[in-house]
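Undergrad: Chains A and B, in that order, give the protein sequences. If you count by the working numbering, then the first sequence holds residues 2 to 231, one letter each, in order. If you count by the working numbering, then the second sequence holds residues 2 to 231, one letter each, in order.
Number of protein chains: 2
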Amino acid sequence: MGIPERKEREKEQRREEILNAAQKVFFEKGLQSSTMDEIAELAELSKGTLYLYYGSKEDLYLTVMLRGFDLLHGMIAEAEKETPSPGDAMWMMGRVYFEFFEKHRNFFRMFHFLQYPGLHKQVSPEMMESCNGQTQKTWKLVIDIFTRGIEQGVFRRDINPVEAAVILWSSANSILLRIDNECDRWKKTLNIDLVQVYFRSNALFLQAVMTPEAYARASFVREELPASIS
Amino acid sequence: MGIPERKEREKEQRREEILNAAQKVFFEKGLQSSTMDEIAELAELSKGTLYLYYGSKEDLYLTVMLRGFDLLHGMIAEAEKETPSPGDAMWMMGRVYFEFFEKHRNFFRMFHFLQYPGLHKQVSPEMMESCNGQTQKTWKLVIDIFTRGIEQGVFRRDINPVEAAVILWSSANSILLRIDNECDRWKKTLNIDLVQVYFRSNALFLQAVMTPEAYARASFVREELPASIS
DNA sequence: GTAGAAACTGACTGTGAGTCATCTAAAAAA
DNA sequence: TTTTTTAGATGACTCACAGTCAGTTTCTAC
């Protein structure tokens with residue numbers, strides 16, 4: 002254990018410490034209302050030091066977000082491993098994403114930073130690349146399930162696995178976002194439980210892309226849905 | 002025409018002038034990069050004056066956005082009026098939103114301000130109310146088509162019109178957002194045309210919620226899709 | 001012990017949202 | 001016509017905060 006190695010370790014540790022402080026502050030206040038001074042104070046470092054480790058506030062934010070991506074990827078990978086039938090696995094994707102949404106709401110909210118246009122000014126290209134790589138990895142998992150399902154005759158042969166993944170993921174994401182923002186409003190004004198809508202939407206989609214035989218056999222069809230979280 | 006009336010008119014006109022300047026600047030630079038000073042200069046007024054007419058930068062932004070909502074509402078209302086069959090009308094909703102997306106991309110992008118959490122700090126409650134009212138109005142149009150379609154046996158009786166509207170709108174919105182941000186990436190890395198995905202997603206959804214007989218009769222099924230915009 | 005490198009600091013700069021004491025010109029009153 | 005009142009407009013100012021950098025401290029090597 003030479004000195005350079007120890008220093009390298011210490012540097013990495015400092016990076017982590019900063020990231021932990023940032024995560025705490027970002028979770029509490031969101032990107033806009035968090036300040037670098039506050040993060041620095043929590044990390045017991047000066048503001049200048051933060052910039053030795055991270056290029057900008059946004060870079061720091063995205064690095065925290067990547068932890069969320071990792072977490073979600075892990076959850077999805079595990080669910081996929083434990084669900085051999087592609088039809089059921091696809092249904093599990095929806096359930097797992099919902100579970101992630103409930104347990105790690107702060108990370109879920111961070112994800113939408115990427116989608117919000119015009120907020121990327123300060124993000125370094127390398128950071129952008131990291132994020133794209135991470136998302137690609139997770140997309141690949143979902144697309145592969147579709148590909149496998151088509152080969153096994155579970156999904157219709159005329160659907161494109163990538164297209165199906167985009168459709169399922171986009172609508173799931175969009176409805177969860179609505180649950181996060183507007184759940185109470187929909188409940189009050191139109192008596193709609195958006196959580197139910199989320200699962201019905203996924204079910205409707207699967208019914209549309211699965212072959213009738215596979216759908217009839219699928220075990221999720223009569224599964225009990227989670228209760229509303231409102 | 003008394004003096005108070007004239008003054009009132011002039012005040013309203015000034016409000017509009019400010020709004021026009023703001024729209025131009027926001028369209029060019031987005032919310033973050035636009036400054037009140039720049040808007041003031043373009044409107045040939047001092048910054049202080051802007052705050053006599055609008056409570057905050059965000060209020061001003063949302064007021065511009067409301068113009069976009071109006072525009073979209075008008076387009077949807079007209080399409081609905083000219084399409085008697087609820088099945089075709091639902092398909093038209095997707096086409097009209099796409100047309101809006103293409104022609105008024107700047108407004109489309111503004112819409113997502115509402116969804117982005119934590120950006121609403123500076124928005125006045127009245128402004129929020131206005132936005133909710135506007136969106137409700139447009140939701141109602143879509144929901145009514147579903148309700149009518151169910152009564153006429155075009156849509157399955159076991160679907161809830163509000164739920165169907167949420168699902169269709171959310172997924173459409175989400176895919177358009179992806180087209181806006183990531184169209185080229187998907188084309189390059191996976192050779193996927195997201196515009197096609199958008200229309201296929203809508204078609205898949207309609208197939209799932211329409212009765213088989215109505216679907217067989219629907220005129221949109223074999224319609225030619227718009228070419229990619231990439 | 002000392003030279004030099006690496007890590008850290010915090011006062012400083014620049015920017016931009018929002019404020020407010022002051023000014024101006026039009027309307028009302030005299 | 002002159003004076004008073006008032007609504008509307010102004011822009012210099014404050015305050016907050018991201019990002020910088022000249023200077024300081026701490027650690028390593030010799």
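Heads up, the beta-carbon is just placed ideally off N, CA and C, and yes, glycines get one too.
1) Please list the terminal residues of the continuous alpha helix (DSSP H) segment that includes Gly-49/B.
2) What residue does the alpha helix (DSSP H) around Lys-104/B start on, and which one ends it?
3) Grouping DSSP H, G and I as helix and E and B as strand, with all else coil, what is Phe-156/B?
4) Out of Ala-215/A, Phe-28/A, Leu-32/A and Ala-23/A, which has the shortest C-alpha to C-alpha gap to His-121/B?
5) Comparing C-alpha positions only, which one of Phe-27/A, Ser-57/A and Leu-53/A sits nearest to Leu-43/A?
6) To the nearest angstrom, how far is the alpha carbon of Ala-80/B from that of Glu-100/B?
7) Nearest to Leu-51/B by CA position, among Met-111/B, Thr-84/B, Glu-13/B and Ile-176/B, is which residue?
8) What residue range is occupied by the uninterrupted alpha helix (DSSP H) comprising Pro-213/B?
9) Is the beta carbon of Met-37/A closer than 8 Å to that of Phe-112/A?
10) Given a cut-off of 8 Å on the beta-carbon distance, is the pair Gln-135/A and Lys-58/A in contact?
11) For Gln-197/A, which residues of its own chain have a beta-carbon under 6 Å away from its beta-carbon, when the five flanking residues on both sides are left out?
12) Would you say His-74/A lies against chain B (beta-carbon separation less than 8 Å)?
13) For a contact meaning CB atoms closer than 9 Å, what does Tyr-117/A contact in chain B?
14) Please report how far the alpha carbon of Val-155/A lies from the alpha carbon of Met-94/B, in whole angstroms.
15) Grab me the residues of Lys-25/A's own chain with a C-beta within less than 8 Å of its C-beta, minus the 5 sequence neighbours each way, in chain order.
16) Buried or exposed: where does Ile-230/B fall if 16 or more other Cβ atoms within 10 Å of its Cβ makes it buried?
17) For Thr-64/A, does the three-state DSSP call read helix, strand or coil?
18) Can you tell which of Asp-60/B, Ala-204/B and Pro-162/B has the C-alpha that lies nearest to the C-alpha of Glu-127/B?
19) Nearest-angstrom Cα distance between Ala-78/A and Thr-190/A?
20) With 8 Å as the C-beta to C-beta threshold (strictly closer), list the residues of the region 172-206 of chain B near chain A in chain order.
21) Taking any Cβ of chain A, which residues in the region 147-171 of chain B have a Cβ under 7 Å from it, in chain order?
22) Do Ile-168/B and Phe-200/B have their beta-carbon atoms positioned less than 8 Å apart in this structure?
23) Using CA atoms only, rank isn't needed, just tell me which of Asn-203/A, Cys-184/A and Met-129/A is closest to Ala-165/A.
24) Does the Cβ of Ala-1/B have 16 or more other Cβ atoms within 10 Å, making it buried, or fewer, making it exposed?
25) With DSSP as the reference, label Phe-221/A as helix, strand or coil.
26) Going by the beta-carbon positions, is the gap between Val-210/B and Arg-157/B smaller than 8 Å?
27) Are the C-beta atoms of Gln-14/B and some chain A residue less than 8 Å apart?
28) Is any heavy atom in the ligand COA found nearer than 7 Å to the beta carbon of Arg-157/B?
29) Starting from Lys-122/B, trace the alpha helix (DSSP H) in both directions and tell me its first and last residue.
30) Show which residues of chain B have a CB atom less than 7 Å away from the CB atom of Gln-208/A.
31) If we cut at 8 Å on Cβ distances, does Gly-56/A have a partner in chain B?
32) Do Phe-114/A and Tyr-55/A count as a contact pair if the criterion is CB distance below 8 Å?
33) With distance defined between alpha-carbon atoms, name the residue in Ile-19/A, Glu-103/A, Pro-162/A and Thr-212/A nearest to Asn-174/A.
34) When you compare only the Cα positions, how much space is there between Met-2/B and Glu-11/B?
35) Compare the beta carbon distance of Ile-176/A and Ser-171/B with 8 Å and say whether it is the shorter of the two.
36) Our contact map puts Phe-108/B next to Gly-75/B with C-beta atoms below 8 Å; I'd like the distance itself, whole angstroms only.
TA: If we stick to the structure as given:
1) Counting along the chain, the alpha helix (DSSP H) containing Gly-49/B begins and ends at 48-54.
2) 87-104
3) strand
4) Leu-32/A
5) Phe-27/A
6) 11 Å
7) Glu-13/B
8) 213-218
9) No.
10) no
11) none
12) Output row for His-74/A: interface = no.
13) In chain order: His-113, Phe-114, Gln-116, Tyr-117 and Leu-120.
14) 31 Å
15) Leu-43
16) Confidence at Ile-230/B is low in this model, with a pLDDT of 45, below 50, so its placement is unreliable and no value can be given for it.
17) It is helical.
18) Asp-60/B
19) If I take the Cα positions, the gap works out to 38 Å.
20) Ser-172, Asn-174, Ser-175, Ile-176, Leu-178, Arg-179, Asp-181, Asn-182, Arg-186, Trp-187, Thr-190, Leu-191, Ile-193, Leu-195, Gln-197, Val-198, Arg-201, Ser-202, Leu-205 and Phe-206
21) Val-163, Glu-164, Val-167, Ile-168 and Ser-171
22) Not in contact: Phe-200/B and Ile-168/B (Cβ atoms no closer than 8 Å).
23) Asn-203/A
24) Summary: the structure shown does not reach residue 1/B, with chain B confined to residues 2 through 231, and so no result is reported for it.
25) It is coil, neither helix nor strand.
26) Taking 8 Å as the Cβ cut-off, Val-210/B and Arg-157/B qualify as a contacting pair.
27) no
28) The ligand COA is absent from the structure shown, which contains no ligand whatsoever.
29) It is not in any alpha helix (DSSP H) - Lys-122/B carries neither H nor E in the DSSP assignment.
30) Ala-209
31) The beta carbon of Gly-56/A sits no closer than 8 Å to any beta carbon of chain B.
32) Cβ distance not < 8 Å, so Tyr-55/A and Phe-114/A don't count as in contact.
33) Glu-103/A
34) Residue confidence is low: Met-2/B scores 47 on pLDDT, short of 50, so the model does not pin down where it sits. Its coordinate-derived value is still stated next. Taking the straight line joining both Cα atoms gives about 13 Å.
35) yes
36) Not a contact, Cβ separation roughly 12 Å.
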